[in-house]
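A short write-up of the structure that comes next.
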Amino acid sequence: MEKYDIAVIGGGPSGYAATMRALDLKKKVILIERDKIGGAGLHNGALSSKTLWELSKNIYNMRHSDLAPFNYNLPPYSKILELMNQAVQTRMEQLQYQLHQIQTLYPNLFKFANGTGSLLNQNQIQITYNDGNHQIIWADNIIIATGSRPRKLPNIPIDEKIIMTSDGIHHLTDYPQSLVILGAGVIGCEFATIFANFGKTKVYLIDKADRILPFEDEDIASVVAQNLEHLGVHIHKNASLVSMEIEDNRVKYILEFKEGKTETFYAEKALVSVGRIPNFEDLGLQNAGLTFNSRGYIDTKDGQSDVPNIYFVGDTTADICLVNVGELEGRHIIEKIYGKEHPLIYENISTIMFLHPEVAGVGMNEIEAQKKGIPYQVATYTYNYIGRALCMQCPQGFFKILVSDDEHKKILGMRAIGEHASTAIQGVALLIAQNLSIEAIAELIHPHPSIIEGIQECARMLLGKSIIKPEFFSQSLNCFRVYDGNRLKI
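Position 352 of the sequence shown, counting from 1, maps to 1298 under the working numbering, and the rest follow consecutively.
Okay, here's the thing in structure tokens:
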């Protein structure tokens, strides 16, 4: 029986990262993956959907620019798919090439098993290879990194052709004439943005609340909603889905609105975006003494289960389902096993929402701070006072920084919406991790002209030493002290 220091089941972002970190430490590793290297984060998630977003954004800018060609024609959707698949294929080939090279150069240290892994007990795994062969191996430590898949609702007939999840929507063959999206969270709003940007699809977004992105602050959600509607997206607000079915090769859906009215609508295609669930099927977790909690997950502490040599990372945990978090958790678990760990900090996780315009965040927003009862100060600095935004003719957007309501003014979080928002947050993430004050931002010499100068001025506003004074532009530049539900202007 072959024996390994580490067995990783799942070759997505977290599993791949764990494997590479184990090899850094010269541990004997087997990586078991039943399908394609890269997981949903590559094939049906981050890279593929963000490639679509980038393409749709370029097309939107081309269609609406004053410098656009007079007879600009939308490219066929086949070209869009070709470019998306090129990006995915390039990344997958990089990952595969590296695995092949490692397995060739270090055959006694690493093995890639293309098949499924099922636990027989807490150390033994039966591998069923895709060619039909079987093998039982021993692993001192096992890392479950099998990822997640879109949640399906039992009363909706999802066929991945007419009614789709985020898995199926990547396989469309043409721009749909109309698309209804169930779910107004990040994924739903991102795909609404993508297809509205192309300008060929009438998009409907079903939102059971009175506003989209309910986990984000209202000022962020309001800008995103206004821009979606400007793109032609119709948001069904305060709408509960009564039924969704396929009728005559199109989608028929019935909504009940808050006031009690029921109405029937039709669309060519539908996207169901109501969350994700972990891939735990056929893993034999019970054979190793593991039990599921009421939410369908395995309880863990810092990734470690009650069976001390079995760990869970990435989307298999009930925390944050993001590629960057999964990769960090995969590396962290290896370091934890071999005594090289450092604290895993979740307070400074950076996120991006690929919307119109893009939204980026790090740390707490106002909703979270108020829920925790934390007094704070907050400043908002809009893009139309940032030189680079004016150069780009993109004055819509703002930076918002939250700090502790004391003399230290430690950074609690930041939100950014607008062009280059995603490139502007990493410095703040570092300051949060180091528990530093906004003084560090205020005194740093930023490149000019750049979008991040807006972050500096936002910090200076909280310190009372900004170049552009909020008292003269109070409609767009603001500083507040917030405590016990009260909002007082500084």
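Where is the CB? At the ideal position from N, CA and C, for every residue including glycine.
Residues that residue i bridges to, as DSSP identifies them
| i | result |
| --- | --- |
| W1084 | K949 and Q1070 |
| Y1150 | V1126 and H1180 |
| Y1212 | K1198 |
| A1306 | I1298 and A1362 |
| L1131 | Inspection of the sequence shows that residue 1131 is occupied by Gly rather than by Leu. Paired residue(s): none; G1131 is not in a bridge. |
| N1060 | E979 |
| S1440 | Absent from the structure is residue 1440, since the part of the chain shown begins at 947 and ends at 1436. |
| Y1075 | G1061 |
| F1203 | A1185 |
| K1247 | Q1250 |
| Q1323 | V1349 and R1427 |
| F1217 | According to the sequence provided, residue 1217 is Leu. The question's Phe does not apply to it. Beta-bridge pairing links L1217 to M1110 and I1127. |
| T1328 | F1344 |
| I1089 | V954 and Y1257 |
| F1141 | For F1141, which the question treats as bridged, DSSP gives no partner whatsoever. |
| F1419 | Looking at the DSSP assignment, F1419 forms no beta bridge with any residue, so it has no partner. |
Nearest neighbour of residue i, chosen from the options [CA to CA]
| i | options | result |
| --- | --- | --- |
| M1299 | N1031, I1104 and W999 | W999 |
| P1341 | S1168, T1328, D1352 and L1348 | T1328 |
| S1094 | K1317, I1391, G1235 and G1272 | G1272 |
| S1296 | H1116, L1376, K982 and L1099 | L1376 |
| Y1075 | S1064, A1185, I1140 and C1267 | S1064 |
| S1186 | S1168, L1177, K1207 and H1180 | K1207 |
| K1148 | E1214, G1114, I1244 and D1248 | E1214 |
| D1086 | S1024, C1267, P1254 and K1286 | P1254 |
| A968 | A1142, V954 and E979 | V954 |
| Y1257 | I1280, G1131, K1204 and R1241 | I1280 |
| T1139 | N1173, F1056, G1410 and N1233 | N1173 |
| L971 | H1010, H1278, K1317 and T1326 | H1278 |
| C1404 | P1393, H1394, N1424 and I1391 | N1424 |
| I1471 | Q1232, V1170 and A1091 | Since the first residue of the chain shown is 947 and the last is 1436, residue 1471 is not available in this structure. |
| L1231 | S1420, L1055, I1152 and N1067 | N1067 |
| N1054 | L1434, K973, G1078 and K1204 | K973 |
| S1350 | V1428, A1335, L1336 and S1420 | V1428 |
| E1385 | G1178, H1302, L1408 and E1365 | L1408 |
| N1432 | V1324, K1415 and I1332 | V1324 |
Own chain partners of residue i with C-beta closer than 8 Å, once the 5 adjacent residues on each side are dropped
| i | result |
| --- | --- |
| N1195 | I1108 |
| S1112 | N990, G991, S995, P1096, I1133, F1137, L1217 and S1219 |
| R1361 | E1162, D1163, I1166, V1305, A1306, G1307, N1311, F1345 and K1346 |
| R1406 | A1388, S1412 and I1413 |
| N1069 | W1084, A1085, D1086, I1088 and N1255 |
| S1251 | L1236, I1244, D1245, Y1257 and F1258 |
| Q1402 | I1387, A1388, L1390 and H1392 |
| I1269 | Reading off the sequence, residue 1269 comes out as Val, not Ile. Once the five neighbours on either side are set aside, the close Cβ partners of V1269 are P959, G987, G991 and A992. |
Cβ neighbours of residue i in the same chain (closer than 7 Å, five flanking residues each side left out)
| i | result |
| --- | --- |
| F1144 | S1002, I1005, L1020 and Y1121 |
| S1383 | H1354, K1355 and K1356 |
| K982 | H989 and M1038 |
| E1293 | G1309 and I1378 |
| Q1042 | I983 |
| Y1212 | R1196, V1197 and K1198 |
| D1153 | A1130, I1181, H1182, K1183 and A1185 |
| H1116 | N990 and S994 |
Extent of the continuous beta strand (DSSP E) to which residue i belongs
| i | result |
| --- | --- |
| A1362 | I1357 to I1363 |
| V975 | V975 to E979 |
| M1190 | A1185 to E1193 |
| P1224 | R1222 to P1224 |
| I1347 | F1344 to S1350 |
| R1427 | N1424 to Y1429 |
| A1335 | Where A1335 is concerned, there is no enclosing beta strand (DSSP E), although the alpha helix (DSSP H) it sits in stretches over G1333 to C1337. |
| L1377 | Premise fails: L1377 lies in the alpha helix (DSSP H), Q1372 to A1379, not in any beta strand (DSSP E). |
| A1155 | Where A1155 is concerned, there is no enclosing beta strand (DSSP E), given that its DSSP letter is neither H nor E. |
| K1435 | N1432 to K1435 |
| S1094 | S1094 to P1096 |
Endpoints, alpha helix (DSSP H) assigned at residue i
| i | result |
| --- | --- |
| K1282 | V1269 to I1283 |
| E1039 | Y1023 to L1051 |
| P1254 | From DSSP, P1254 is part of no alpha helix (DSSP H); its letter is neither H nor E. |
| N1007 | A992 to H1010 |
| P959 | P959 to D970 |
| Q1402 | E1399 to L1409 |
| Q1316 | E1312 to K1317 |
| E1389 | E1385 to E1389 |
| G985 | G985 to H989 |
Same chain, Cβ closer than 6 Å to residue i, neighbours up to 5 away in sequence not counted
| i | result |
| --- | --- |
| G906 | Nothing can be reported for residue 906: it is not among the residues displayed for the chain, which extend from 947 to 1436. |
| D1245 | N1239 |
| T1210 | I1200 |
| Q1123 | E1214 |
| K1098 | I1104 |
Contact with chain B by residue i, beta-carbon distance below 8 Å
| i | result |
| --- | --- |
| E1162 | In the structure shown, chain B does not exist; there is a single protein chain. |
Exercise for the section: Tell me, please, whether the region 1020-1036 touches the region 1188-1204 by the rule of three or more beta-carbon pairs shorter than 8 Å. Expected result: Verdict: no, contact absent.
Handout entry: Inter-stretch contact at 8 Å, needing at least 3 Cβ pairs: the region 1390-1404 / the region 1366-1376
Key = Yes: the two stretches touch, three or more of their Cβ pairs being nearer than 8 Å.
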